[in-house]
Amino acid sequence: MIDAGYNYERLGEKMGWLNIDPSSIQHILITHQDTDHVGAVERDSDGLFRDAKLYLSEIENRYMTGERRRKLLRHIHSHLKC
Numbered sequence: 006m007i008d009a010g011y012n013y014e015r016l017g018e019k020m021g022w023l024n025i026d027p028s029s030i031q032h033i034l035i036t037h038q039d040t041d042h043v044g045a046v047e048r049d050s051d052g053l054f055r056d057a058k059l060y061l062s063e064i065e066n067r068y069m070t071g072e073r074r075r076k077l078l079r080h081i082h083s084h085l086k087c
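Residue numbers for the sequence shown follow the numbering used here, so the first one is 6 and each next one is one higher.
Here it is as structure tokens:
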């Protein structure tokens, strides 16, 4: 699976609509750690993918461990022209 999506209580149900059993997911590639990509594997999630092995890039691992911090873009809207 690529990314784990949001953490919400109906995720398992919606996967069932697609005939996907969450427990059948064995590997998840995490592209980046925004909540809409990792929510369903966060500590407070329902644990749908608790047995899946997670894969992430070296830089994402550095962000996760706190070794590096993401840069935030501030006031970007002031440079936009409509």
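The C-beta atom is built at its ideal place from N, Cα and C for all residues, glycine as well.
Computed from a predicted structure; not experimentally measured.
query = Between the C-alpha atoms of Leu59 and Ile35, what's the straight-line distance to the nearest angstrom?
reply = Working through the sequence shown from its first residue, we reach residue 59 at position 54. Working through the sequence shown from its first residue, we reach residue 35 at position 30. Rounded to the nearest whole angstrom, the C-alpha separation of Leu59 and Ile35 is 7 Å.
ask   = Whole alpha helix (DSSP H) runs in the segment 23 to 70 with 4 or more residues, listed along the chain?
value = Whole alpha helix (DSSP H) segments, 4+ residues: 40 to 43, 63 to 70.
task = Rounded to whole angstroms, what's the CA-CA distance from Asn66 to Gln31? Just pull it up for me.
result = Here residue 66 refers to the residue found at position 61 when the sequence shown is read from its first residue. Here residue 31 refers to the residue found at position 26 when the sequence shown is read from its first residue. Between Asn66 and Gln31, the C-alpha separation is close to 20 Å.
request  = Please check the pair Phe54 and Ile25, which I expect to be a contact at CB under 8 Å, by giving their CB distance rounded to whole angstroms.
outcome  = The count along the sequence shown starts at 1 and reaches residue 54 at position 49. The count along the sequence shown starts at 1 and reaches residue 25 at position 20. Incorrect: roughly 11 Å between the Cβ atoms, too far for contact.
request  = Tell whether a beta-carbon distance below 7 Å holds between Gly17 and Ala45.
outcome  = The sequence position of residue 17 within the sequence shown is 12, counting from 1. The sequence position of residue 45 within the sequence shown is 40, counting from 1. It is not a contact, given that the beta carbons lie outside the stated cut-off.
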